[in-house]
Structures are given as C-alpha cells and as structure tokens.
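One structure is given here, and the rest of the page talks about it.
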Amino acid sequence: MSGWRATLDDLVRLRGRALFGYAYMLTGDASAAEDLLQDALVKAFRSGRHARSLDAAHVYVKRSIATSFIDSGRRAASRPVTDPRGDAFETWARQHPGSADLTARMDDALDLRAALLTLSPRERACVVLRYLEDMPTADVAETLGIAAGSVKRYVSDGLARLRVAMPEMSFGEPATVAVDGHERGTR
97 MSGWRATLDD
107 LVRLRGRALF
117 GYAYMLTGDA
127 SAAEDLLQDA
137 LVKAFRSGRH
147 ARSLDAAHVY
157 VKRSIATSFI
167 DSGRRAASRP
177 VTDPRGDAFE
187 TWARQHPGSA
197 DLTARMDDAL
207 DLRAALLTLS
217 PRERACVVLR
227 YLEDMPTADV
237 AETLGIAAGS
247 VKRYVSDGLA
257 RLRVAMPEMS
267 FGEPATVAVD
277 GHERGTR
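According to this note's numbering, the sequence shown is numbered sequentially starting from 97.
Here is the structure:
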C-alpha cells in the first residue's frame, strides 16, 4: 500500500470516529457530518501533500472540517431551528418509563445540541473545540487559523448565548461542562 493510502487507512480506522464526532458536534446532523468529513478527507488526500503522517493528516482534516463548516454557515442565509428530538425520541421515552435518568441525560444532551445549533458557525466551532474537544485557546486558534483573542471573544459570546438558553447547565471556567451525563474538564 502506498504511503498516503496507508495514512488514509490508519486515519479512518484509528481516528475516524473522533473526526466524525467533531463534525457532528458542529453540524448537529449525521448526514451533514458525514459529508463534511468526506469532503475534508478528499481535500487532505487528493494531493497527498498533507498525508505525510497520521498526526499531520488528522490536524489537516480537522482544520478542513472547521473551515468548511464555517464557510457553509456564511453561505446559508437562514436556518430553521426544529426540535432535534423528533417523534422517535418521544416514542422511545413512552416505551421506557423506568429510564427517567437516561431520559434526563438524553434531554440534556439534546438540549445542548439544540442550543449549539443557535450559535453562529464560528462561535459553535470555538465552543466545541474549547469545551467538548478540551483544547486550549491557542490550539483552537491554530486549528481555525484565527487569533487567540478572536477565539476568546467567540467563546465568550457563544457561552453567553448558551447560558441564556440553558441556565441550569454550568459553562464556567475552570468548572466542568456536563455533556450526556459525563463531565468534561476545561482548561
């Protein structure tokens, strides 16, 4: 197997799930996340220049996901916000009445997802990288290709909007952010 093909295989096998999760947190939609990841992989591996190592390919693909997501947000004139839970969730909750704790955690995760979808693309990218990916501000800035001060501003604005949308959830530093029942530390 050629060098770039082996790197692509390793990237998808070892880090594909994490890259998909990152794209999903940005888009809030599995199909859109798959498309975003696929486009980023094509960009990274069509010339082969970014595929020198697994780490270099991972960084490039992640940055490409963020950049493509932000660019697509600029092009979108408006986005209708719908209830992300839909009928399937309601049906499941009715069929499993003894699972109140799981249902509450799912509600929290879905509420967080819905709240994230109200943020601008750049705010969402910064908040997701900073809090859900647990990246330091400098790394977020490098990943998105913007200044650290801009990251701080986008995170601050995004968190202010999330605090209004979800006052019961803690978004402070250095406290932890509860996501799907798990605590994620922040730096």
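Note that CB positions come from ideal geometry on N, CA and C, so glycine has one too.
Collapsed DSSP secondary structure at residue i in the structure displayed
i, result
"Ser-127", "helix"
"Ser-149", "coil"
"Met-96", "Coverage of the chain is limited to positions 97 through 283, which leaves residue 96 absent and any answer about it impossible."
"Val-177", "Reliability fails at Val-177, whose pLDDT of 47 lies under 50, so the model's placement of it is uncertain and the value that follows must be treated cautiously. Residue state, collapsed to three classes: coil."
"Thr-214", "coil"
"Gly-99", "helix"
"Ser-143", "coil"
"Ser-266", "coil"
"Gly-112", "helix"
8 Å Cβ shell around residue i - same chain, five flanking residues per side excluded
i, result
"Phe-116", "Ala-129, Glu-130, Leu-133"
Residue span of the alpha helix (DSSP H) that contains residue i, given as start and end
i, result
"Tyr-250", "244-261"
"Pro-232", "Note, Pro-232: premise wrong, no alpha helix (DSSP H); not H, not E."
"Arg-220", "217-223"
Proximal residues to residue i (C-beta, below 7 Å), its chain only, five neighbours per side dropped
i, result
"Val-236", "Cys-222, Leu-225, Arg-226, Val-247"
Burial state of residue i (16 or more Cβ within 10 Å)
i, result
"Ser-174", "Note on Ser-174: pLDDT 46, under 50, position unreliable in the model; the coordinate value appears next. Per the 10 Å Cβ criterion, exposed."
"Val-260", "exposed"
"Leu-258", "buried"
"Pro-263", "exposed"
Residues near residue i by beta carbon distance below 6 Å, same chain, minus five either side
i, result
"Ala-234", "Ala-244"
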